[in-house]
Amino acid sequence: MAINTLVSSFDHLYIDEISRQSPLAQRLIKHFPQEKITWVNEAPFSSSKGALTAKEFDRSKKNIFVTPFKGQFFKRCPGARPGLSCCNYFVLNWGLQCNMNCSYCYLQSFINTPTLTLYSNLEDALKELESFAPSLKDQPLRVGTGETVDSLSLDPLTLYSHDLIHFFKDYPHWSLEFKTKSAAVDQFLQQEHGGNVVVSWSINPQYIIEREEHGTANLKDRLNAAEKCKARGFRIAFHIDPMIWHPDWKNSYLELVHDLTERFSPHDMPYISVGALRFQPEQRHMMRERFGMNSLVTSAEMFPSNDGKLRYEQSLRKEMFSFLVNAFKNRSTAWNLFLCMETPETWISSTGQLPQKTEGLTDLFDSRLIRKHQSASSSSAKVQP
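Under this note's numbering, residues 150 to 534 are what the sequence shown spells out, in order.
(1) Mind checking which residues open and close the alpha helix (DSSP H) that includes Pro354?
(2) Per DSSP, which one or two residues make a beta bridge with Cys254?
(3) Could you say which of Asp312, Met392, Ser209, Gln183 lies nearest to Thr243 if we only look at CA atoms?
(4) Just the Cα atoms here: how many angstroms apart are Leu241 and Gly295?
(5) Within the chosen definition, does the region 298-317 reach the region 160-170 through at least 3 CB pairs nearer than 8 Å?
(6) Smallest Cα separation from His322: which of Tyr309, Asp390, Lys286?
(7) Can you say whether Ser351 is buried or exposed, counting buried as having 16 or more other CB atoms within 10 angstroms of its CB?
(8) Given a cut-off of 8 Å, decide if Val292 and Leu245 are closer than it, judged by their beta-carbon atoms.
(9) For His342, is the classification buried or exposed, using 16 other Cβ atoms within 10 angstroms of its Cβ as the cut-off for buried?
(10) So the alpha helix (DSSP H) Ser401 belongs to, where does it begin and stop?
(11) Beta-carbon separation of Leu473 and Arg412 under 8 Å?
(12) Measuring CA to CA, which of Gln340, Lys198, Ala200, Thr266 is closest to Ala174?
(13) Report whether the distance from the Cβ of Ser258 to the nearest heavy atom of the ligand NAD is below 7 Å.
(14) Run through DSSP, which three-state label would Tyr97 get?
(15) Any idea what DSSP makes of Ala536, helix, strand or coil?
(16) Assuming Lys417 contacts Lys379 (C-beta within less than 8 Å), just tell me the rounded distance between them.
(17) For the putative contact between Val406 and Arg480, defined by C-beta atoms under 8 Å, what is the C-beta separation to the nearest angstrom?
(18) DSSP three-state call for Leu445: helix, strand or coil?
(19) When the Cα of Thr482 is compared with those of Ser157, Lys458, Pro415, which residue comes out closest?
(20) Taking 8 Å as the threshold (C-beta atoms), are Glu450 and Ala203 in contact?
(21) Could you check what DSSP says for Arg437 in three-state terms: helix, strand or coil?
(22) Please say whether Gly424 and Asn250 have beta carbons closer to each other than 8 Å?
(23) Under a Cβ-count criterion, where at least 16 other Cβ atoms within 10 Å of its own Cβ denotes burial, should Met442 be classed as buried or exposed?
(24) Do Leu488 and Phe470 count as a contact pair if the criterion is CB distance below 8 Å?
(25) Run through DSSP, which three-state label would Arg544 get?
(26) Could you compute how far the alpha carbon of Phe383 sits from the alpha carbon of Ala282?
(27) Measuring alpha carbon to alpha carbon, tell me which of Pro172, Ile260, Asn367, Ala151 ends up nearest Ser209.
(28) Looking only at its own chain, which residues have a Cβ that is under 6 Å from the Cβ of Phe194, when we skip the five neighbours before and after it?
(29) Rounding to the nearest angstrom, what Cα-Cα distance links Thr447 and Ser331 in this structure?
(30) Tell me whether Arg466 sits in a helix, a strand or coil according to DSSP, three-state version.
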(Lines of atoms letter the chains of each structure in order from A and count residues from 1; the text may use other names and numbers.)
(Lines give C-alpha, C1' and ligand atoms only; values in the text may rest on other atoms or scores of the structure.)
Protein backbone atom coordinates (compact mmCIF):
# COMPACT_ATOMS: atom_id res chain seq x y z
CA MET A 1 0.00 0.00 0.00
CA ALA A 2 1.38 3.41 -0.99
CA ILE A 3 2.12 5.79 1.87
CA ASN A 4 -0.40 8.35 0.61
CA THR A 5 -3.11 5.69 0.53
CA LEU A 6 -2.16 4.58 4.03
CA VAL A 7 -2.25 8.14 5.37
CA SER A 8 -5.62 8.81 3.75
CA SER A 9 -7.11 5.81 5.56
CA PHE A 10 -6.80 7.64 8.90
CA ASP A 11 -9.00 10.46 10.17
CA HIS A 12 -6.44 12.10 12.44
CA LEU A 13 -2.97 11.92 13.97
CA TYR A 14 -2.55 12.92 17.62
CA ILE A 15 0.99 13.32 18.95
CA ASP A 16 1.86 13.55 22.62
CA GLU A 17 3.99 16.65 23.24
CA ILE A 18 6.49 14.47 25.08
CA SER A 19 7.03 12.58 21.81
CA ARG A 20 7.54 15.71 19.69
CA GLN A 21 11.24 15.11 19.04
CA SER A 22 11.01 11.35 18.62
CA PRO A 23 12.06 9.90 15.25
CA LEU A 24 8.58 8.40 14.88
CA ALA A 25 6.80 11.74 15.30
CA GLN A 26 9.20 13.46 12.93
CA ARG A 27 8.57 10.81 10.27
CA LEU A 28 4.81 10.97 10.60
CA ILE A 29 4.51 14.75 10.36
CA LYS A 30 6.32 14.58 7.02
CA HIS A 31 3.55 12.40 5.59
CA PHE A 32 0.36 13.62 7.26
CA PRO A 33 -1.25 16.87 6.11
CA GLN A 34 -1.10 19.62 8.72
CA GLU A 35 -4.88 19.71 9.15
CA LYS A 36 -4.81 16.08 10.29
CA ILE A 37 -2.22 16.64 13.04
CA THR A 38 -2.93 17.71 16.62
CA TRP A 39 -0.34 18.03 19.39
CA VAL A 40 -1.77 16.98 22.76
CA ASN A 41 -0.82 16.75 26.43
CA GLU A 42 -3.21 13.91 27.19
CA ALA A 43 -4.70 10.98 25.34
CA PRO A 44 -7.44 11.96 22.89
CA PHE A 45 -11.01 10.85 23.59
CA SER A 46 -9.98 10.50 27.24
CA SER A 47 -13.60 10.87 28.31
CA SER A 48 -14.18 7.31 27.07
CA LYS A 49 -13.92 5.02 30.09
CA GLY A 50 -14.13 1.26 30.40
CA ALA A 51 -14.90 -1.11 27.56
CA LEU A 52 -15.29 0.43 24.12
CA THR A 53 -18.57 0.32 22.26
CA ALA A 54 -18.56 -1.10 18.74
CA LYS A 55 -18.59 2.43 17.30
CA GLU A 56 -15.71 3.50 19.55
CA PHE A 57 -13.72 0.43 18.54
CA ASP A 58 -14.25 1.27 14.86
CA ARG A 59 -13.20 4.87 15.52
CA SER A 60 -10.05 3.74 17.30
CA LYS A 61 -8.79 2.20 14.06
CA LYS A 62 -9.03 5.56 12.29
CA ASN A 63 -7.13 7.73 14.78
CA ILE A 64 -3.42 7.39 15.61
CA PHE A 65 -1.97 8.46 18.96
CA VAL A 66 1.82 8.67 19.27
CA THR A 67 3.06 8.45 22.85
CA PRO A 68 5.80 6.75 24.91
CA PHE A 69 5.05 3.38 26.48
CA LYS A 70 5.86 3.12 30.17
CA GLY A 71 5.27 -0.59 30.71
CA GLN A 72 7.08 -3.80 29.85
CA PHE A 73 7.69 -4.25 26.13
CA PHE A 74 9.03 -7.82 26.16
CA LYS A 75 6.75 -10.63 27.31
CA ARG A 76 6.09 -14.29 26.90
CA CYS A 77 3.44 -15.17 24.31
CA PRO A 78 -0.08 -15.07 25.82
CA GLY A 79 -0.71 -18.51 24.38
CA ALA A 80 1.61 -19.97 27.01
CA ARG A 81 -1.00 -21.27 29.43
CA PRO A 82 -1.34 -24.41 31.54
CA GLY A 83 -2.74 -27.29 29.52
CA LEU A 84 -1.60 -25.92 26.14
CA SER A 85 1.55 -26.89 24.25
CA CYS A 86 3.73 -23.78 23.93
CA CYS A 87 6.30 -23.10 21.19
CA ASN A 88 8.56 -20.83 23.31
CA TYR A 89 7.52 -17.63 21.58
CA PHE A 90 8.08 -14.15 23.02
CA VAL A 91 6.54 -10.86 21.95
CA LEU A 92 7.87 -7.31 21.72
CA ASN A 93 4.98 -4.86 21.57
CA TRP A 94 5.50 -1.44 19.96
CA GLY A 95 1.87 -0.45 19.49
CA LEU A 96 -1.73 -1.29 20.28
CA GLN A 97 -4.58 -1.77 17.78
CA CYS A 98 -4.61 -2.75 14.11
CA ASN A 99 -5.59 -0.74 11.06
CA MET A 100 -7.02 -3.86 9.42
CA ASN A 101 -10.38 -5.33 10.38
CA CYS A 102 -10.62 -9.11 10.77
CA SER A 103 -13.94 -10.29 12.17
CA TYR A 104 -12.28 -12.71 14.60
CA CYS A 105 -9.54 -10.35 15.88
CA TYR A 106 -8.80 -11.03 19.54
CA LEU A 107 -8.02 -7.36 20.15
CA GLN A 108 -11.79 -6.93 20.32
CA SER A 109 -11.76 -8.81 23.63
CA PHE A 110 -9.54 -6.47 25.62
CA ILE A 111 -8.71 -3.14 23.96
CA ASN A 112 -10.13 -0.20 25.90
CA THR A 113 -8.01 2.56 24.42
CA PRO A 114 -9.91 4.76 21.94
CA THR A 115 -7.04 5.14 19.44
CA LEU A 116 -4.53 3.15 17.46
CA THR A 117 -1.51 3.79 19.66
CA LEU A 118 2.06 3.81 18.36
CA TYR A 119 4.82 3.87 20.96
CA SER A 120 7.42 6.53 20.26
CA ASN A 121 10.18 5.04 22.43
CA LEU A 122 11.26 1.93 20.53
CA GLU A 123 14.79 2.55 21.80
CA ASP A 124 13.57 1.69 25.31
CA ALA A 125 12.12 -1.57 24.00
CA LEU A 126 15.50 -2.49 22.53
CA LYS A 127 17.27 -1.58 25.78
CA GLU A 128 14.87 -3.84 27.65
CA LEU A 129 15.54 -6.68 25.24
CA GLU A 130 19.27 -6.06 25.50
CA SER A 131 19.07 -6.47 29.28
CA PHE A 132 18.31 -10.17 28.75
CA ALA A 133 21.42 -10.71 26.62
CA PRO A 134 23.84 -11.75 29.41
CA SER A 135 21.86 -14.92 30.12
CA LEU A 136 20.02 -15.52 26.83
CA LYS A 137 22.35 -14.29 24.06
CA ASP A 138 23.35 -17.81 23.02
CA GLN A 139 19.85 -19.26 23.35
CA PRO A 140 17.43 -19.74 20.41
CA LEU A 141 15.12 -16.92 21.46
CA ARG A 142 12.15 -16.32 19.12
CA VAL A 143 10.77 -12.78 19.31
CA GLY A 144 7.72 -11.58 17.40
CA THR A 145 6.24 -8.10 17.05
CA GLY A 146 2.76 -8.98 15.82
CA GLU A 147 0.74 -9.59 18.98
CA THR A 148 -1.04 -6.27 19.65
CA VAL A 149 -0.40 -4.63 16.28
CA ASP A 150 0.28 -5.99 12.79
CA SER A 151 4.06 -6.10 12.37
CA LEU A 152 4.20 -4.51 8.93
CA SER A 153 0.93 -2.89 7.85
CA LEU A 154 2.07 0.48 9.26
CA ASP A 155 5.78 -0.06 8.73
CA PRO A 156 5.98 2.14 5.60
CA LEU A 157 5.18 4.97 8.04
CA THR A 158 7.08 3.90 11.17
CA LEU A 159 10.08 2.14 9.58
CA TYR A 160 10.48 0.33 12.89
CA SER A 161 11.56 -2.72 10.89
CA HIS A 162 14.88 -0.99 10.14
CA ASP A 163 15.75 -0.51 13.83
CA LEU A 164 14.72 -4.05 14.74
CA ILE A 165 16.59 -5.71 11.87
CA HIS A 166 19.73 -3.76 12.77
CA PHE A 167 19.44 -4.69 16.46
CA PHE A 168 19.05 -8.41 15.82
CA LYS A 169 22.19 -8.54 13.68
CA ASP A 170 24.14 -8.56 16.96
CA TYR A 171 22.23 -11.59 18.26
CA PRO A 172 22.64 -14.36 15.67
CA HIS A 173 21.12 -17.03 17.93
CA TRP A 174 17.92 -15.01 18.31
CA SER A 175 15.29 -14.70 15.62
CA LEU A 176 13.00 -11.77 14.93
CA GLU A 177 9.60 -12.43 13.38
CA PHE A 178 7.46 -9.89 11.56
CA LYS A 179 3.94 -11.32 11.42
CA THR A 180 1.51 -9.68 9.02
CA LYS A 181 -1.57 -9.89 6.83
CA SER A 182 -0.25 -7.09 4.63
CA ALA A 183 2.08 -7.09 1.63
CA ALA A 184 4.17 -4.19 2.97
CA VAL A 185 7.76 -5.41 2.60
CA ASP A 186 9.43 -3.12 0.06
CA GLN A 187 10.48 -0.61 2.73
CA PHE A 188 12.97 -3.01 4.37
CA LEU A 189 14.09 -5.33 1.56
CA GLN A 190 17.37 -3.48 1.04
CA GLN A 191 18.31 -3.58 4.74
CA GLU A 192 21.34 -5.66 5.66
CA HIS A 193 20.31 -8.42 8.05
CA GLY A 194 21.90 -11.23 9.98
CA GLY A 195 19.93 -14.06 8.40
CA ASN A 196 17.83 -14.34 11.54
CA VAL A 197 14.81 -12.28 10.47
CA VAL A 198 11.64 -14.22 9.71
CA VAL A 199 8.87 -12.54 7.75
CA SER A 200 5.65 -14.47 8.22
CA TRP A 201 2.11 -14.26 6.97
CA SER A 202 -1.16 -15.33 8.50
CA ILE A 203 -2.94 -16.87 5.54
CA ASN A 204 -6.33 -18.31 4.75
CA PRO A 205 -8.15 -19.29 1.57
CA GLN A 206 -9.14 -16.27 -0.51
CA TYR A 207 -12.78 -17.09 0.26
CA ILE A 208 -12.12 -16.52 3.98
CA ILE A 209 -10.00 -13.42 3.34
CA GLU A 210 -12.83 -11.79 1.40
CA ARG A 211 -15.46 -12.67 3.99
CA GLU A 212 -13.61 -12.27 7.29
CA GLU A 213 -10.27 -10.45 6.86
CA HIS A 214 -11.38 -6.99 5.81
CA GLY A 215 -8.75 -4.46 4.76
CA THR A 216 -5.99 -7.05 4.45
CA ALA A 217 -3.89 -7.99 1.43
CA ASN A 218 -5.32 -10.72 -0.75
CA LEU A 219 -3.70 -14.15 -0.75
CA LYS A 220 -1.84 -13.62 -4.03
CA ASP A 221 -0.26 -10.38 -2.78
CA ARG A 222 0.80 -12.00 0.50
CA LEU A 223 2.49 -14.87 -1.36
CA ASN A 224 4.13 -12.44 -3.79
CA ALA A 225 5.52 -10.48 -0.83
CA ALA A 226 6.87 -13.71 0.64
CA GLU A 227 8.70 -14.45 -2.60
CA LYS A 228 10.27 -10.98 -2.51
CA CYS A 229 11.54 -11.58 1.02
CA LYS A 230 12.87 -15.01 0.15
CA ALA A 231 14.79 -13.53 -2.80
CA ARG A 232 16.50 -11.07 -0.43
CA GLY A 233 17.60 -13.81 1.95
CA PHE A 234 14.97 -13.28 4.62
CA ARG A 235 13.51 -16.39 6.17
CA ILE A 236 9.79 -16.83 5.64
CA ALA A 237 6.99 -18.61 7.49
CA PHE A 238 3.25 -19.03 7.33
CA HIS A 239 0.50 -19.32 9.91
CA ILE A 240 -2.71 -20.96 8.73
CA ASP A 241 -4.60 -19.55 11.64
CA PRO A 242 -7.45 -19.45 12.32
CA MET A 243 -8.86 -22.23 10.21
CA ILE A 244 -12.53 -21.38 9.75
CA TRP A 245 -15.18 -23.97 9.02
CA HIS A 246 -17.68 -23.48 6.21
CA PRO A 247 -19.60 -25.99 4.05
CA ASP A 248 -16.85 -26.21 1.40
CA TRP A 249 -13.91 -25.84 3.79
CA LYS A 250 -12.03 -28.91 2.53
CA ASN A 251 -11.81 -27.65 -1.04
CA SER A 252 -10.88 -24.16 0.17
CA TYR A 253 -7.97 -25.41 2.24
CA LEU A 254 -6.85 -27.84 -0.47
CA GLU A 255 -6.60 -24.85 -2.82
CA LEU A 256 -4.58 -23.00 -0.20
CA VAL A 257 -2.17 -25.92 0.17
CA HIS A 258 -1.84 -26.07 -3.61
CA ASP A 259 -1.11 -22.34 -3.91
CA LEU A 260 1.48 -22.50 -1.15
CA THR A 261 3.29 -25.65 -2.21
CA GLU A 262 3.42 -24.62 -5.88
CA ARG A 263 5.48 -21.57 -4.89
CA PHE A 264 7.46 -22.78 -1.89
CA SER A 265 9.15 -25.94 -0.70
CA PRO A 266 9.58 -27.32 2.84
CA HIS A 267 13.20 -26.15 2.68
CA ASP A 268 12.06 -22.53 2.34
CA MET A 269 10.65 -22.48 5.87
CA PRO A 270 11.28 -24.50 9.03
CA TYR A 271 7.60 -24.94 9.89
CA ILE A 272 4.01 -23.81 9.38
CA SER A 273 1.80 -23.13 12.38
CA VAL A 274 -1.86 -24.09 12.33
CA GLY A 275 -4.74 -23.06 14.56
CA ALA A 276 -8.53 -23.15 14.58
CA LEU A 277 -11.02 -20.38 15.30
CA ARG A 278 -11.08 -19.44 18.99
CA PHE A 279 -11.98 -16.35 20.97
CA GLN A 280 -12.88 -15.10 24.42
CA PRO A 281 -16.59 -15.36 25.34
CA GLU A 282 -16.82 -11.61 26.01
CA GLN A 283 -15.68 -10.96 22.45
CA ARG A 284 -18.73 -12.52 20.82
CA HIS A 285 -21.09 -9.60 21.51
CA MET A 286 -18.61 -7.08 20.06
CA MET A 287 -18.09 -9.18 16.94
CA ARG A 288 -21.81 -9.62 16.34
CA GLU A 289 -22.45 -5.92 16.80
CA ARG A 290 -19.69 -5.02 14.36
CA PHE A 291 -20.11 -7.75 11.73
CA GLY A 292 -23.67 -9.03 12.12
CA MET A 293 -24.68 -12.67 11.89
CA ASN A 294 -23.71 -13.31 8.26
CA SER A 295 -20.10 -13.81 9.31
CA LEU A 296 -18.77 -17.36 9.46
CA VAL A 297 -17.20 -16.34 12.77
CA THR A 298 -20.13 -14.77 14.57
CA SER A 299 -22.53 -17.53 13.51
CA ALA A 300 -20.20 -20.43 14.38
CA GLU A 301 -21.19 -23.02 16.95
CA MET A 302 -18.56 -22.76 19.67
CA PHE A 303 -17.95 -24.52 22.98
CA PRO A 304 -16.11 -23.52 26.19
CA SER A 305 -12.61 -24.96 26.55
CA ASN A 306 -10.35 -25.40 29.57
CA ASP A 307 -8.44 -22.19 28.84
CA GLY A 308 -11.65 -20.16 28.96
CA LYS A 309 -11.90 -19.57 25.22
CA LEU A 310 -14.69 -20.64 22.92
CA ARG A 311 -13.58 -23.18 20.32
CA TYR A 312 -14.95 -25.60 17.79
CA GLU A 313 -15.82 -28.97 19.30
CA GLN A 314 -12.67 -31.08 19.65
CA SER A 315 -13.66 -33.72 17.09
CA LEU A 316 -14.12 -30.99 14.45
CA ARG A 317 -10.74 -29.46 15.31
CA LYS A 318 -9.15 -32.88 15.01
CA GLU A 319 -10.78 -33.40 11.61
CA MET A 320 -9.67 -30.01 10.31
CA PHE A 321 -6.11 -30.32 11.60
CA SER A 322 -5.69 -33.89 10.36
CA PHE A 323 -7.04 -32.95 6.94
CA LEU A 324 -4.62 -30.03 6.58
CA VAL A 325 -1.59 -31.93 7.88
CA ASN A 326 -2.30 -34.80 5.47
CA ALA A 327 -2.79 -32.38 2.58
CA PHE A 328 0.74 -31.05 3.13
CA LYS A 329 2.28 -34.46 3.81
CA ASN A 330 0.77 -35.80 0.59
CA ARG A 331 2.80 -33.14 -1.22
CA SER A 332 5.96 -33.86 0.75
CA THR A 333 6.65 -35.58 4.05
CA ALA A 334 9.27 -32.89 4.70
CA TRP A 335 6.64 -30.29 5.63
CA ASN A 336 6.68 -29.47 9.35
CA LEU A 337 3.41 -28.24 10.85
CA PHE A 338 2.64 -27.45 14.46
CA LEU A 339 -0.59 -26.60 16.24
CA CYS A 340 -0.90 -23.21 17.90
CA MET A 341 -2.55 -22.89 21.33
CA GLU A 342 -3.78 -26.47 21.37
CA THR A 343 -3.96 -29.21 23.98
CA PRO A 344 -1.66 -32.25 23.99
CA GLU A 345 -4.76 -34.39 23.39
CA THR A 346 -5.55 -32.54 20.16
CA TRP A 347 -1.91 -32.82 19.10
CA ILE A 348 -1.94 -36.59 19.52
CA SER A 349 -5.31 -37.12 17.86
CA SER A 350 -4.42 -34.87 14.90
CA THR A 351 -0.75 -35.66 14.28
CA GLY A 352 -0.12 -38.87 16.21
CA GLN A 353 2.48 -37.44 18.58
CA LEU A 354 3.41 -34.57 20.84
CA PRO A 355 5.48 -31.65 19.46
CA GLN A 356 8.36 -32.44 21.81
CA LYS A 357 8.70 -35.77 19.98
CA THR A 358 8.24 -34.41 16.46
CA GLU A 359 11.34 -34.14 14.29
CA GLY A 360 12.03 -30.51 13.41
CA LEU A 361 9.93 -29.13 16.26
CA THR A 362 11.82 -30.33 19.34
CA ASP A 363 13.71 -27.08 19.92
CA LEU A 364 10.57 -24.96 19.59
CA PHE A 365 8.90 -26.76 22.46
CA ASP A 366 11.92 -27.08 24.77
CA SER A 367 10.71 -25.79 28.15
CA ARG A 368 14.27 -25.11 29.31
CA LEU A 369 14.27 -21.82 27.39
CA ILE A 370 11.22 -20.67 29.36
CA ARG A 371 13.02 -21.32 32.63
CA LYS A 372 16.07 -19.38 31.42
CA HIS A 373 13.85 -16.43 30.46
CA GLN A 374 12.14 -16.47 33.85
CA SER A 375 15.54 -16.44 35.55
CA ALA A 376 16.76 -13.60 33.32
CA SER A 377 13.58 -11.61 33.97
CA SER A 378 14.10 -11.96 37.69
CA SER A 379 17.73 -10.84 37.44
CA SER A 380 16.82 -7.91 35.20
CA ALA A 381 14.13 -6.75 37.60
CA LYS A 382 16.62 -6.68 40.46
CA VAL A 383 18.93 -4.24 38.71
CA GLN A 384 16.23 -1.80 37.65
CA PRO A 385 16.54 1.59 39.38
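Glycine residues also receive a C-beta, built at the ideal position from the N, C-alpha and C atoms.
This is what the structure gives:
(1) Against the sequence shown, residue 354 aligns to sequence position 205. First-last for Pro354: undefined, no H or E at that position.
(2) The residue you call residue 254 lines up with position 105 of the sequence shown. The partner list for Cys254 (beta bridge, DSSP) is empty, contrary to what the question assumes.
(3) Here residue 243 is taken as the residue at index 94 of the sequence shown, counted from 1. First, the residue type needs correcting, since residue 243 is Trp and not Thr in the sequence shown. Comparing Cα positions, the closest option is Asp312.
(4) Position 92 of the sequence shown, counted from the first residue, corresponds to residue 241. Position 146 of the sequence shown, counted from the first residue, corresponds to residue 295. Cα-Cα distance, rounded: 8 Å.
(5) no
(6) As a first step, residue 322 must be located in the sequence shown, where it is residue number 173. Nearest of Tyr309, Asp390, Lys286 to His322, Cα basis: Lys286.
(7) Position 202 of the sequence shown, counting from 1, holds the residue named residue 351. Ser351 should be labelled buried.
(8) Looking up residue 245 in the sequence shown gives position 96. Looking up residue 292 in the sequence shown gives position 143. Not closer than 8 Å, so no.
(9) On the sequence shown, residue 342 is found 193 positions in, with the first residue counted as 1. Its Cβ being crowded by 16 or more others within 10 Å, His342 is buried.
(10) Here residue 401 is taken as the residue at index 252 of the sequence shown, counted from 1. Note, Ser401: alpha helix (DSSP H), 398-412.
(11) As a working mapping, residue 473 is identified with position 324 in the sequence shown. As a working mapping, residue 412 is identified with position 263 in the sequence shown. Going by C-beta atoms, Leu473 is not nearer than 8 Å to Arg412.
(12) Position 25 of the sequence shown, counted from the first residue, corresponds to residue 174. Residue Thr266 is the option with its Cα nearest to Ala174.
(13) Although the ligand NAD was asked about, the structure shown includes no ligands whatsoever.
(14) For residue 97 there is no data in the structure shown, the boundaries of the chain being 150 and 534.
(15) No information on residue 536 is available, as it lies outside the stretch 150 to 534 that the chain covers here.
(16) Counting from 1 along the sequence shown, the entry for residue 417 is found at position 268. Counting from 1 along the sequence shown, the entry for residue 379 is found at position 230. The displayed chain sequence assigns Asp, not Lys, to residue 417. With 8 Å as the limit, Asp417 and Lys379 qualify as a contact, their Cβ atoms being about 6 Å apart.
(17) Indexing the sequence shown from 1 puts residue 406 at position 257. Indexing the sequence shown from 1 puts residue 480 at position 331. Contact holds; Cβ gap of about 7 Å.
(18) By one-based count along the sequence shown, residue 445 stands at place 296. Coil at Leu445, not helix or strand.
(19) The count along the sequence shown starts at 1 and reaches residue 482 at position 333. Minimum Cα distance to Thr482 is reached at Pro415.
(20) On the sequence shown, residue 203 is found 54 positions in, with the first residue counted as 1. On the sequence shown, residue 450 is found 301 positions in, with the first residue counted as 1. The Cβ-Cβ distance between Ala203 and Glu450 does not fall below 8 Å.
(21) Counted from its first residue, the sequence shown places residue 437 at position 288. It is helical.
(22) Numbered from 1 along the sequence shown, position 101 holds the residue referred to as residue 250. Numbered from 1 along the sequence shown, position 275 holds the residue referred to as residue 424. No, they are not a contact pair.
(23) Position 293 of the sequence shown, counting from 1, holds the residue named residue 442. So Met442 ends up on the exposed side.
(24) Residue numbering aside, residue 470 sits at position 321 when the sequence shown is read from its first letter. Residue numbering aside, residue 488 sits at position 339 when the sequence shown is read from its first letter. Result yes, Cβ atoms of Phe470 and Leu488 sit closer than 8 Å.
(25) Residue 544 lies beyond the stretch modelled for the chain, which goes from 150 to 534, so this question has no answer here.
(26) Your numbering for residue 383 matches position 234 in the sequence shown. Your numbering for residue 282 matches position 133 in the sequence shown. Using only the alpha carbons, I get a separation of about 23 Å.
(27) Here residue 209 refers to the residue found at position 60 when the sequence shown is read from its first residue. Answer by Cα proximity: Ile260.
(28) To locate residue 194, count along the sequence shown from 1; it is residue 45. Counting only Cβ-Cβ distances below 6 Å, and skipping sequence neighbours, we find Pro263.
(29) By one-based count along the sequence shown, residue 447 stands at place 298. By one-based count along the sequence shown, residue 331 stands at place 182. Each residue's alpha carbon lies about 24 Å from the other.
(30) Position 317 of the sequence shown holds residue 466. DSSP places Arg466 in helix when its eight states are reduced to three.
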